[in-house]
Amino acid sequence: MPTPTDALLDRFLTALGPLEPVAVWAHGSLAGGDYQEGRSDLDLIAVLPGLLAPRTLWRLATLHARLRTAPLAPLLHCSYLTPQTLDDPARRHLTWAHEELFRRPVTRVTRRELHVFGRVLRGEAPAALLSPVPDHELAAFVVADQRDFWRPALADERRWTRDVWVDLGLITFARASVTAREGRLISKREALELLPGLGAPAEVVADVHGRRYGTAAPASGVWAARRAALTRAYLGPAIDALVASYG
Numbered sequence: 022m023p024t025p026t027d028a029l030l031d032r033f034l035t036a037l038g039p040l041e042p043v044a045v046w047a048h049g050s051l052a053g054g055d056y057q058e059g060r061s062d063l064d065l066i067a068v069l070p071g072l073l074a075p076r077t078l079w080r081l082a083t084l085h086a087r088l089r090t091a092p093l094a095p096l097l098h099c100s101y102l103t104p105q106t107l108d109d110p111a112r113r114h115l116t117w118a119h120e121e122l123f124r125r126p127v128t129r130v131t132r133r134e135l136h137v138f139g140r141v142l143r144g145e146a147p148a149a150l151l152s153p154v155p156d157h158e159l160a161a162f163v164v165a166d167q168r169d170f171w172r173p174a175l176a177d178e179r180r181w182t183r184d185v186w187v188d189l190g191l192i193t194f195a196r197a198s199v200t201a202r203e204g205r206l207i208s209k210r211e212a213l214e215l216l217p218g219l220g221a222p223a224e225v226v227a228d229v230h231g232r233r234y235g236t237a238a239p240a241s242g243v244w245a246a247r248r249a250a251l252t253r254a255y256l257g258p259a260i261d262a263l264v265a266s267y268g
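Residues 22 to 268 in the numbering used here are what the sequence shown lists, from first letter to last.
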């Protein structure tokens with residue numbers, strides 16, 4: 022019997038078929054071996070032939086609307102590229118995520134993931150269509166992301182009472198540290214294992230691990246506030262040190 026993930030992917034690929042995709046790839050946890058069904062996003066890239074005309078946009082919006090009630094559908098994210106536009110890391114591509122259509126870039130991290138462990142769901146392999154990402158560009162990108170996005174985000178105390186900010190903030194920092202230092206990508210599980218050695222508060226790391234891999238409930242009340250303070254107190258100096266070393 023297919024898993025809910027397999028069933029959703031099959032429905033999505035079947036619905037996308039009439040648009041004759043050149044390729045459909047999975048990246049992130051779904052491709053990298055750390056996928057947690059019901060918790061992890063289903064991160065996809067589809068390469069469609071030709072330009073994305075208004076009628077194509079309408080068809081994609083309809084496709085995703087029809088999938089809304091499927092199990093795991095809110096976790097399905099897909100960026101739509103074309104052969105003419107896929108090689109520019111700064112270009113913003115049509116994307117379905119968080120149950121809406123908008124535009125965002127396909128980052129250098131995503132591009133490296135596709136080359137290293139991208140999962141081919143349909144058509145051509147990533148190496149046949151995407152240019153490789155040089156190590157220096159990848160390192161510069163992850164350091165800039167820490168400096169320009171995550172460091173300023175620490176100023177908003179309230180957002181750090183939310184699980185998603187604590188989880189992503191810590192995991193993204195650990196992954197950026199390894200990428201900047203060694204030029205390689207690591208999984209979220211590896212990042213959590215490394216965080217105590219990077220000086221992260223042990224009780225916060227245990228909290229993140231428990232919710233991702235165990236049955237721990239979302240944080241609330243006094244613990245959420247304390248966890249936010251611990252996370253912000255750690256990440257501020259840690260990001261500054263990373264940027265000073267590799268920026």
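Every residue gets a Cβ at the ideal spot worked out from N, C-alpha and C, and that includes glycine. Since this is a predicted model, take the numbers as computed values, not measurements.
Cβ-Cβ distance between residue i and residue j below 8 Å
i           : j           : result
residue 126 : residue 110 : yes
residue 260 : residue 194 : yes
residue 117 : residue 85  : yes
residue 263 : residue 197 : yes
residue 7   : residue 225 : Any property of residue 7 remains undetermined from this structure, which presents the chain solely from 22 to 268.
residue 53  : residue 208 : yes
residue 137 : residue 206 : yes
residue 143 : residue 51  : no
Backbone CA spacing between residue i and residue j [nearest angstrom]
i           : j           : result
residue 268 : residue 23  : 46 Å
residue 270 : residue 56  : Given a span of 22 to 268 for the chain in the structure shown, any question on residue 270 remains unanswerable.
residue 240 : residue 223 : 16 Å
residue 122 : residue 94  : 14 Å
residue 217 : residue 153 : 32 Å
residue 69  : residue 30  : 17 Å
residue 203 : residue 161 : 12 Å
residue 71  : residue 99  : 18 Å
residue 147 : residue 107 : 11 Å
residue 201 : residue 155 : 12 Å
Rounded distance between the beta-carbons of residue j and residue i, thought under 8 Å
i           : j           : result
residue 115 : residue 73  : 6 Å
residue 159 : residue 129 : 5 Å
residue 188 : residue 229 : 5 Å
residue 5   : residue 140 : The chain is shown from 22 up to 268; residue 5 falls before or after that span and cannot be answered.
residue 184 : residue 232 : 6 Å
residue 145 : residue 43  : 6 Å
residue 27  : residue 49  : In fact, because the Cβ distance is near 17 Å, the residues do not count as touching under 8 Å.
residue 247 : residue 181 : Not really, about 11 Å apart at Cβ, beyond 8 Å.
residue 66  : residue 96  : Their Cβ separation, rounded to whole angstroms, is 16 Å, which puts residue 66 and residue 96 out of contact at 8 Å.
Limits of the unbroken beta strand (DSSP E) element including residue i
i           : result
residue 144 : 140-144
residue 66  : 63-68
residue 56  : Here residue 56 belongs to no beta strand (DSSP E), and DSSP marks it neither H nor E.
residue 123 : 121-126
residue 115 : 113-118
residue 46  : 44-48
residue 198 : Unbroken run through residue 198 is the alpha helix (DSSP H), 184-203; no beta strand (DSSP E).
residue 100 : 97-102
N- and C-terminal bounds of the alpha helix (DSSP H) containing residue i
i           : result
residue 35  : 25-37
residue 162 : 156-166
Practice task
Report yes or no: do the stretch 203-222 and the stretch 185-194 share at least 3 C-beta pairs separated by less than 8 Å?
Solution key: yes
Practice task
Could you say if the stretch 161-175 and the stretch 75-85 meet the contact criterion of at least three C-beta pairs nearer than 8 Å?
Solution key: Short answer: they don't touch.
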